[in-house]
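> Next up is a structure, given as structure tokens.
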Amino acid sequence: MANKDREQWGSRIGFILAAAGSAIGLGNIWRFPTVVGQSGGGAFLLVYLIITFLVGIPLMIAELTIGRRGQTNIVGSFKKVAGDNWGIIGALGVAAGFIILSFYSVIAGWGVAYIFKFLTGELANLGAEEVGNVFNELTSNPIVPIFWHGIFMSMTIGIVILGIDKGIEKASKLLMPILLVLLVLLAIRSVTLDGAMEGVSWYLRPNFAAIDRHIILSALGQAFFSFSLGMGAILTYGSYLPKKENIPGSAVYIAIFDIFIAVLAGFIIIPAVFAFGLEPGSGPPLIFITLPAVFGAMPAGTFFGLLFFVLLTIAAVTSAISLLEVVVAYFIDELKWDRKKASLLAGLAIFILGIPSSLSMGVMSDNLIFGMPFLDFMDYFASNVLLTLGGLFTAIVIGWVWKTSNAISEIEKSGDKFLLATPWAFLIKWIMPVVLLVIIVNGLFF
Ligand code: PFF
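Just so you know, numbering that gives the first Met the number 0 puts 352 at position 353 of the sequence shown, and the rest follows in order with no gaps.
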């Protein structure tokens, strides 16, 4: 419920870092290169960049604005700006959070396992093929990856129970710049590997002929996933914003930061894939096989490998808490559970839902759903269906129910004029509902 004593962000930079903490995670470093690899390289990159600017940034502004107006969780905020019937969109967001965190934690768990494998030297100085064996042995085991998934979920639950205090904010301020420097170093190492240039050109050269409706839907799903849009995470962060905050300005910072990290991750993974003769379309395992091989080909690789997976885990945790927080806030508000009970029960249910994703890399690898392993299916369904639908409804609610003029006056409460108000309103009201619907329907059914 909205109340006068509701917490607010301490500072603008604190908010931007927290929102960037939610946005930057496995989506940038693991999922982006994976989808680029599966979608034909440069064709995807171009479509992705266009979508982030035309859909991602305008919708980030939209979510922040609904949240700041609503001053509460996703369900309550939609009810407040659009009437009780629209609370249902919130339920869609909660479902998306549930599903995404279930497989997100499995993948983050592989990263945690890698920290220990670097510590014990198991991943030291290996070539791509040997790393592939280590990876397959880990993920096809029916128990071990579930253990790491449990460890990652426990960390996430612990932080959400304690509340997101200054500790994390401070830690992110220190650690995110280190991650950035490390990514730049790795990109340099990767593009200078023998044979890497073929990958660079595959990544950067737009191949217009390869652009089809599936690539467009994937780019849309990736933009939502990476920006944490379509399920209320960014909306909730907006609900803690003071009125003086300039929403469009902040959205642009967060988005550019996020795009930059993803593109950088592409410069690490794709050239390495070509240099090591791997298959760019090989899906979720890609980064876990190429990266240690890149470390193996550089001085002090074990140290850097260790550092990298520690930072990746931290980046994943700051995203995972925003996913769990959406679900927990819903249980607290709607079912009146206390924070501890909500976090533990939701966390446990998410952990259990993650188990088939983990098993789909091994004992259940033959059980395909729509031709995909369970983990890939969960990801596809949540990102390309639920998040994109969440975005579609967000645009409809602002454009047609709450009205863009009300949204613009909320945005301008900062005292700054929203210079792009007219094109933004036009995009949200007229272009976005049609374009999103066409992309979703075409990508899914034809
Ligand atoms: N944006 C996060 C990432 O790129 O890793 C994942 C994510 C967080 C998606 C929060 C959705 C969300 F609501």
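C-beta: ideal position from N, C-alpha, C; glycine also.
1. Take Pro14 and list the residues in its own chain whose beta-carbon comes closer than 8 Å to its own, dropping the five residues that flank it on each side.
2. Starting from Trp423, trace the alpha helix (DSSP H) both ways and give me its first and last residue.
3. Grab me the residues of Val326's own chain with a C-beta within less than 7 Å of its C-beta, minus the 5 sequence neighbours each way, in chain order.
4. Taking the continuous alpha helix (DSSP H) assigned at Ile410, which residues delimit it?
5. Note the first and the last residue of the continuous alpha helix (DSSP H) segment covering Gln37.
6. Quick check for students: name the residue ranges of the alpha helix (DSSP H) that lie wholly in the stretch 139–221, counting only runs of 4 or more.
7. Determine the direct distance from the alpha carbon of Ala296 to that of Val80, and round the result to whole angstroms.
8. Within 10 angstroms of its Cβ, does Thr64 collect 16 or more other Cβ (buried), or is it exposed?
9. Would you kindly work out how many angstroms separate the C-alpha atoms of Phe308 and Pro144, rounded to a whole number?
10. Run through the DSSP bridge pairs and tell me what Met360 is partnered with.
11. To the nearest angstrom, how far is the alpha carbon of Phe146 from that of Asp375?
12. Name the residue from Ala209, Phe256, Ile354, Phe369 whose alpha carbon lies nearest to the alpha carbon of Ile106.
13. Are the Cβ atoms of Ala42 and Ile269 separated by less than 8 Å?
14. For the ligand PFF, is there a heavy atom less than 7 Å away from the beta-carbon of Asn465?
15. What whole-angstrom Cβ distance do Ile160 and Lys339 have, given they're in contact under 8 Å?
16. Compute the minimum distance between the beta carbon of Val356 and the heavy atoms of the ligand PFF, and state whether it is under 7 Å.
17. Just to confirm the assignment, what range does the alpha helix (DSSP H) spanning Thr235 have?
18. Determine the extent of the alpha helix (DSSP H) in which Ser101 is found, giving its start and end residues.
19. Kindly list the residues whose CB is nearer than 8 Å to the CB of Ser217, restricted to its own chain and excluding five residues on each side of it in sequence; keep chain order.
20. Provide the residue(s) that pair with Ile368 in DSSP beta bridges, ordered along the chain.
Taking the structure as given:
1. In the sequence shown, residue 14 corresponds to position 15, counting from 1. Note that residue 14 corresponds to Phe in the displayed sequence, not to Pro. These residues qualify, in order along the chain: Trp8, Tyr236, Tyr239, Leu240, Glu244, Ser249.
2. For this step, residue 423 is matched to residue 424 along the sequence shown. From DSSP, the alpha helix (DSSP H) with Trp423 extends over 420–425.
3. As a working note, residue 326 is residue 327 in the sequence shown. Cβ neighbours of Val326 beyond the five flanking positions: Val93, Gly96, Phe97, Ala345.
4. The residue given as residue 410 occupies position 411 in the sequence shown. Taken as a continuous stretch (DSSP letters only), the alpha helix (DSSP H) holding Ile410 covers 403–410.
5. As a position in the sequence shown, residue 37 is number 38, starting the count at 1. 31–37 is the extent of the alpha helix (DSSP H) around Gln37.
6. 143–161, 165–190, 195–203
7. Locating residue 80 in the sequence shown gives position 81, where the first residue counts as 1. Locating residue 296 in the sequence shown gives position 297, where the first residue counts as 1. Rounded to the nearest angstrom, the two C-alpha atoms are 55 Å apart.
8. Indexing the sequence shown from 1 puts residue 64 at position 65. Thr64 is buried by the Cβ-count criterion.
9. Start at 1 with the first residue of the sequence shown, and residue 308 comes out as number 309. Start at 1 with the first residue of the sequence shown, and residue 144 comes out as number 145. Near 16 Å, if we compare the C-alpha coordinates of Pro144 and Phe308.
10. Locating residue 360 in the sequence shown gives position 361, counting from the first residue. Answer by DSSP bridge pairing: none, since Met360 is not bridged.
11. For the purposes of this step, residue 146 is taken as residue 147 along the sequence shown, with counting starting at 1. For the purposes of this step, residue 375 is taken as residue 376 along the sequence shown, with counting starting at 1. Near 20 Å, if we compare the C-alpha coordinates of Asp375 and Phe146.
12. Translated into positions along the sequence shown, residue 106 becomes position 107. The shortest C-alpha separation from Ile106 is found at Ile354.
13. For this step, residue 42 is matched to residue 43 along the sequence shown. For this step, residue 269 is matched to residue 270 along the sequence shown. Not in contact: Ala42 and Ile269 (Cβ atoms no closer than 8 Å).
14. The structure shown does not extend to residue 465, since the chain is modelled only from 0 to 445, so the question has no answer here.
15. For the purposes of this step, residue 160 is taken as the residue at position 161 of the sequence shown. For the purposes of this step, residue 339 is taken as the residue at position 340 of the sequence shown. The pair is a contact, with the Cβ atoms about 5 Å apart (cut-off 8 Å).
16. Here the question's residue 356 lines up with position 357 in the sequence shown. For the sequence presented, residue 356 should be read as Ser rather than Val. No, the ligand PFF has no heavy atom inside 7 Å of this Cβ.
17. For the purposes of this step, residue 235 is taken as the residue at position 236 of the sequence shown. Note, Thr235: alpha helix (DSSP H), 232–237.
18. Taking the first residue of the sequence shown as position 1, residue 101 is located at position 102. Per DSSP, Ser101 belongs to the alpha helix (DSSP H) from 86–118.
19. Walking along the sequence shown from the start, residue 217 turns up at place 218. Correct list, in chain order: Val34, Gln37, Ser38, Phe43, Asn383, Gly442.
20. Taking the sequence shown and counting its residues from 1, one reaches residue 368 at position 369. According to DSSP, which records beta bridges pairwise, Ile368 is partnered with Met371.
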